[in-house]
Ligand SMILES: C[S@@+](CC[C@H](N)C(=O)[O-])C[C@H]1O[C@@H](n2cnc3c(N)ncnc32)[C@H](O)[C@@H]1O
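In this note's numbering, the protein residues as written are 271 to 631.
Structural data, given as structure tokens:
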């Protein structure tokens, strides 16, 4: 388990926004010099790119290259693959800056390939690009024609029940969430002071990464980690109990929520659910929260017309897979109002996540 001191350090939000603005202007300018059909062909190449990323990620090549550059013969032998196809995939990925060919058929990591290591994004990449996702996205038309999730063609039950039904999927999913949490939590903790909260209930808190970072940073705080039994049922997978400050409760937020918190956090939860389910979850929090309590939704807020954003991309993932959606500020406002909350403030972070803080009405 990582600790608060392991978290990456980020520059201030304003600086990151400015850098992003410059980067996007350069992309727009480069498009002006590109024929539209060429640009479209470049988009199509993404299928080959992500197929290759998926395979190389699964082979653990970024972790192997931590020790230093390797020639392709050695890489093929260590990963049980054929030298020629592996070389061609690595050559292509190096042409995109993902690895680097430093000598004749010798490869090394770049900062981008390093992010495929186990401690970074390996499991998130594996979860996002698993073979089921390729099938779901091959069937996206089903969502457009029926208004229902494309995943229903392959998975009958709700996605979380499906994940919980297999030890391997469950393990991979939990590791994937911890992988992204590491990046996100650093951004959240640097954007907001949680010092005035005494008891934080992390609703759907996965295996406790966010909560343990909070408890490490704020020694006077107590926390309740709440998630499904298949996620929090095995104490070996969870953080220490912080000398009794961290309690774990198993259950479903569609039925009940632990009481006693003065802050209820929902990080990457509502985007996996329909509006009706969100009203149930928020309504269950409303039943137990005190008048002085606060709720904090930590999610992407979909931005205005034509603005590129992670939220608009992830929204398609949510539509096709779990039948959820990423929401605009107005959509969050309506959901919260209907559940008896009003938005107090929305704080951006350097990650594509905002903190939406609301109080009971
Ligand atoms: C996208 S993950 C987010 C995990 C964590 N909050 C994070 O940001 O890394 C969604 C979480 O919701 C949990 N979850 C799904 N259905 C649930 C339910 N009915 N009751 C409680 N937790 C649930 C999942 O087990 C999973 O940990």
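Beta carbons: idealized from backbone N, C-alpha and C, even for Gly.
All values derive from a computational prediction rather than experimental measurement.
Listed by position in the chain, the residues whose beta carbon lies within less than 6 Å of some heavy atom of ligand 1 are 430, 447, 451, 474, 475, 476, 497, 498, 501, 522, 523, 524, 537, 538, 539, 542.
Boundaries for residue 374: no alpha helix (DSSP H) harbours it, and the DSSP string shows neither H nor E there. Residue state for residue 534 is assigned as strand, using DSSP reduced to three classes. With contacts defined as CB atoms closer than 9 Å, residue 530 and residue 494 qualify as a contacting pair.
Take the alpha-carbon of residue 348 and the one of residue 340: they are about 10 Å apart. Scanning its chain for C-beta atoms nearer than 6 Å, with the 5 sequence neighbours on each side dropped, one finds around residue 449 the residues 391, 393, 394, in chain order.
When DSSP states are grouped into helix, strand and coil, residue 562 belongs to the coil group. For a cut-off of 8 Å, the C-beta gap from residue 572 to residue 461 is around 19 Å, too long to register as a contact. The DSSP-derived three-state label of residue 359 is helix. Separation of the CB atoms of residue 399 and residue 323 is rounded to 7 Å, and the pair is thereby assigned contact status at 8 Å. Given a length threshold of 3 residues, each whole run of the beta strand (DSSP E) inside the segment 572 to 622 is given here in chain order: 611 to 618. Of the residues assessed, residue 492 falls on the buried side of the cut-off, its CB having 16 or more other CB atoms within 10 angstroms.
The beta carbon of residue 407 sits closer than 8 Å to the beta carbons of 420, 590 from its chain, once the five residues preceding and following it are set aside; these are given in chain order.
Collapsing the DSSP output to three states places residue 340 in a strand.
Under the DSSP assignment, residue 276 falls outside any beta strand (DSSP E); it carries neither an H nor an E label.
Using a Cβ-Cβ distance cut-off of 8 Å, the segment 482 to 491 and the segment 536 to 553 are not in contact, since fewer than three pairs of beta carbons, one from each stretch, lie closer than that value. For residue 493, there is no enclosing alpha helix (DSSP H); the residue is part of the beta strand (DSSP E) that begins and ends at 492 to 497. Of the other Cβ atoms in all chains shown, fewer than 16 fall within 10 Å of the Cβ of residue 374; this residue is therefore exposed. In the DSSP annotation of this structure, the continuous segment of the beta strand (DSSP E) that includes residue 519 starts and ends at 516 to 520. Cβ contact annotation for residue 397 (same chain, cutoff 7 Å, sequence separation greater than five): 442, 443, 446, in chain order. Rounded to the nearest whole angstrom, the CA to CA distance from residue 520 to residue 503 is 7 Å. For the pair residue 560 and residue 566, the Cα-to-Cα distance works out to about 14 Å. Look at residue 457 here: in three-state DSSP terms it is helix. Residue 611 and residue 540 have their C-alpha atoms some 15 Å from each other. Residue pairing by DSSP places residue 471 opposite 494, 534 in a beta bridge.
Around the beta carbon of residue 596, 16 or more other beta carbons sit within 10 angstroms, so the residue counts as buried.
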